[in-house]
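Protein chains: 2
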Amino acid sequence: MMEKVRLGIIGLGAQGGNYTRFISEGKVKNIVIGGFCDTDPDKRKAYTEKYPDIPFYDNYTDLLNSGNVDAIVTTVPHYLHPKIGIAALERNIHTLVEKPAGVYTKQVNELNAFAESKPELTFAVFFNQRTNPLYQKVKELIDDGEIGDIRRTNWIITAWWRPQGYYDQSEWRATWEGEGGGVLVNQAPHQLDLLQWIAGMPKKVYSVVKYGYQRDIAVEDDVTVVLDYGNGATGVFITATHDVLGTNRFEILGDKGKIIVDDSKKITIKRLHNPESEMSNTMSWADIKKLTGGGDMSQIYSEEVLEFKSVWGKQHIAILENFAGNILDGTELVAPGSDGIHGVALANAIHLSSWLGKEVELPIDEDVFLAELNKKIQEEKRALVEK
Amino acid sequence: MMEKVRLGIIGLGAQGGNYTRFISEGKVKNIVIGGFCDTDPDKRKAYTEKYPDIPFYDNYTDLLNSGNVDAIVTTVPHYLHPKIGIAALERNIHTLVEKPAGVYTKQVNELNAFAESKPELTFAVFFNQRTNPLYQKVKELIDDGEIGDIRRTNWIITAWWRPQGYYDQSEWRATWEGEGGGVLVNQAPHQLDLLQWIAGMPKKVYSVVKYGYQRDIAVEDDVTVVLDYGNGATGVFITATHDVLGTNRFEILGDKGKIIVDDSKKITIKRLHNPESEMSNTMSWADIKKLTGGGDMSQIYSEEVLEFKSVWGKQHIAILENFAGNILDGTELVAPGSDGIHGVALANAIHLSSWLGKEVELPIDEDVFLAELNKKIQEEKRALVEK
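Sequence order for the protein chains is A and B. Position one of the first sequence corresponds to residue 1 (full-length UniProt numbering), numbered consecutively onward. Position one of the second sequence corresponds to residue 1 (full-length UniProt numbering), numbered consecutively onward.
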């Protein structure tokens, strides 16, 4: 049995660079870098100078065929994760795909189906925020029924400010062809995953999405979504990249209480002594008026506040270690690769609802979505030519 | 010229009783009670015993024809405000209608049109929350452009908890025939008015409305709305009567800052030193990362927090005094009667969107709405018969 996982890092942009640093600085248990891959000659120059002992490949097939890696992570443009993931799994190489697992569900389903045919391999998705103790705690509270059945979710996550200069960094950024979307595909996939991880997938969504609202981009920078969970519960999800005073507030109402998460730092848990439906049936209107008119609210609920420290970086290390742990000794995965579909399905449904101007059911029709996405890509190409 | 306005109070339920108390205890400047009206013999008994010097009428026409009142307030079921309002104005009696001004826009438009033919009379609507210094301050901040052009509004107002016993108090409550709706018609009209008073009317709305979701009622107890302001700005409005841990959080994002109102008690104002669009165009991605990665955010904005005390009761007195002031010396009205249409138009559009299952434009088709409402009333009657 291998002692340490030899990881191939495919794509040396910002995230690939971060993972390289974490691993080469010895911060990640049980992983060594087995090889690098990037198509950019400047990256080759920089990496071979800095890491002369680690092989560098200009294309991922060579890396996968080299025999130097037991596993890979795909820090490449979103469209490429499924293709590279399948190529790796085909060669019996464990695979960690960056989020989002792909741009459209059709390609992510193909990846998942292929991975299912290789159950002996480790297949994971880089949802680092799932390792955040704060969100783990929220999930635990919900799973344990601490606030009962969910009636409403409400997440305003506009703390994704990006200036125009961010979008102008490269040609492919914030384009349909290059990224397949904006804030839904690039920034908010974490929250889309956490939301469904914690509260489950909605059955229907309706969205109002603004494309190039406050930025000179083709894709979306402002998103409002209504989620219908199919059991009476409703949700709202709001995200944007133009709010420099970004809000990050996640509220979950259950029939036994409420959880409010502020700025990914603080959880306020309000636990009702009795289920709300019971209170509704037993309390008189006069009781209520007395209570809400300055009465002692501790008669009906208790409040707990939990504070958490920001742990950026540690999360990424935790995902890498968890991936290696699953390979080496079967440690349970925090984010199995097959889970990547949910966030993509949500993002696709949100886009599709806005394109069709109506509520859409999940799962959406993958072919309709792909046809609409391809239309956007064609329009974008025509617009570029006209420029 | 009259020294004090002789007010007729039509309807002696909870609000009529409150106004009677305020006025008879001398808390309301420039108003005396000229007459009472209620159809309930028990009310006649109680009021004539307690206020033997004030005439009591069993129907409003007698009160209006008595010569004993210069003005009236209509604390009656919502459907009746327009009819009684017109009857009063016809007799040159100043009119203050309770909120909502009516159940459907068609009847409120009729009232407004009639009032317009009597410009010499004072016509007002009882939006007491407009006298709340907190909301006046928010309006002033927006009107003065302190946070620039609005990009997003978000109001979660679920602090309207009502137990089943509240709904079971009387036959007409929470029925289509008796009230014409639930939380949108009975509890949330204040916020619907404040929202449009502060941020303007939307051009379109899409809603998900739950009827009898957590209560045994025919009308709505859970509402989620997406507002499209037609200029790129979007809003979300959420209200419910089943959240005993009610949230009241109103956030407005502008291109120069943000306002957050918590629990109708605290305003947090964040003012950007430069408009967001300018920051987007001048700041580099590296600058931003430095700033958001623990930098000094006071470089980009300043924060002010204003705390307010709860002022229930005072608000109602303020509206009554403002109404009398307009009659006596032309004091500007806080809530001119014609303003009553906006909240009703919003509530109607929200209902209609949920009934049709699609986004609707404002102003909505009044006849379509009324036909749908009458269908609900008929269904309700059939259901009652079947019981």
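Here a beta-carbon is modelled for each residue, glycine too, at the ideal position from N, C-alpha and C. All values derive from a computational prediction rather than experimental measurement.
Would you say residue i lies against chain B (beta-carbon separation less than 8 Å)?
i	result
residue 177(A)	no
residue 257(A)	yes
residue 214(A)	yes
residue 224(A)	yes
residue 253(A)	yes
residue 111(A)	no
residue 245(A)	yes
residue 239(A)	no
residue 305(A)	no
Please report whether the beta-carbon of residue i lies at a distance below 8 Å from any beta-carbon of chain A.
i	result
residue 170(B)	no
residue 301(B)	yes
residue 163(B)	yes
residue 8(B)	no
residue 166(B)	yes
residue 242(B)	yes
Can you tell me where the alpha helix (DSSP H) with residue i in it begins and where it stops?
i	result
residue 369(A)	366 to 386
residue 85(B)	81 to 90
residue 103(B)	Neither: residue 103(B) is in no alpha helix (DSSP H) and is coded neither H nor E.
residue 322(B)	314 to 329
Please report the residue range of the beta strand (DSSP E) in which residue i lies.
i	result
residue 125(A)	123 to 125
residue 351(A)	It is not in any beta strand (DSSP E) - residue 351(A) instead sits in the alpha helix (DSSP H) that spans 340 to 356.
residue 261(A)	257 to 262
residue 273(B)	Looking at the DSSP string, residue 273(B) is not in any beta strand (DSSP E), and its letter there is neither H nor E.
residue 242(B)	Here residue 242(B) belongs to no beta strand (DSSP E), and DSSP marks it neither H nor E.
residue 211(B)	204 to 211
residue 302(A)	301 to 307
residue 34(A)	31 to 37
residue 221(B)	220 to 228
Report the neighbours of residue i on chain A: residues whose CB is nearer than 9 Å to its CB, in chain order.
i	result
residue 42(B)	Neighbours of residue 42(B) on chain A: none; closest Cβ ~19 Å, over 9 Å.
residue 70(B)	None at all; the shortest Cβ gap to chain A is about 33 Å.
residue 47(B)	Here the premise fails: no neighbours, minimum Cβ distance about 22 Å.
residue 232(B)	210, 213, 214 and 222
Less than 8 Å between the C-beta atoms of residue i and residue j, yes or no?
i	j	result
residue 202(A)	residue 184(A)	no
residue 182(B)	residue 217(B)	yes
residue 229(B)	residue 200(B)	yes
residue 238(B)	residue 223(B)	yes
residue 75(B)	residue 98(B)	yes
residue 61(B)	residue 208(A)	no
residue 30(A)	residue 328(A)	yes
residue 9(A)	residue 20(A)	yes
residue 169(A)	residue 280(B)	no
residue 81(B)	residue 127(B)	no
residue 205(A)	residue 362(A)	yes
residue 343(B)	residue 221(B)	no
residue 137(B)	residue 306(B)	yes
residue 275(B)	residue 256(B)	yes
residue 236(A)	residue 236(B)	yes
residue 180(B)	residue 103(B)	yes
In chain B, what lies closer than 8 Å to residue i by C-beta?
i	result
residue 206(A)	206, 208 and 226
List, in chain order, every chain A residue whose beta-carbon is nearer than 7 Å to that of residue i.
i	result
residue 358(B)	358
residue 288(B)	161 and 163
Taking residue i as the query, report the chain B residues whose CB atoms sit under 9 Å from its CB, ordered along the chain.
i	result
residue 67(A)	The premise fails here: residue 67(A) is roughly 38 Å from chain B at the closest Cβ pair, so nothing lies under 9 Å.
residue 236(A)	154, 156, 224, 226, 236 and 238
Run down chain B in chain order and give the residues with a C-beta less than 7 Å from the C-beta of residue i.
i	result
residue 316(A)	Under the 7 Å cutoff, chain B gives no residues; its nearest Cβ is about 15 Å from residue 316(A).
Contact residues within the region 269 to 285 of chain B, judged by C-beta distance below 9 Å to chain A: The region 269 to 285 of chain B vs chain A, Cβ under 9 Å: 270, 272, 276, 277, 279, 280, 281, 282, 283, 284 and 285.
Proximal residues, the region 341 to 352 of chain A versus chain B, C-beta separation under 7 Å: Listed in sequence order: no entries.
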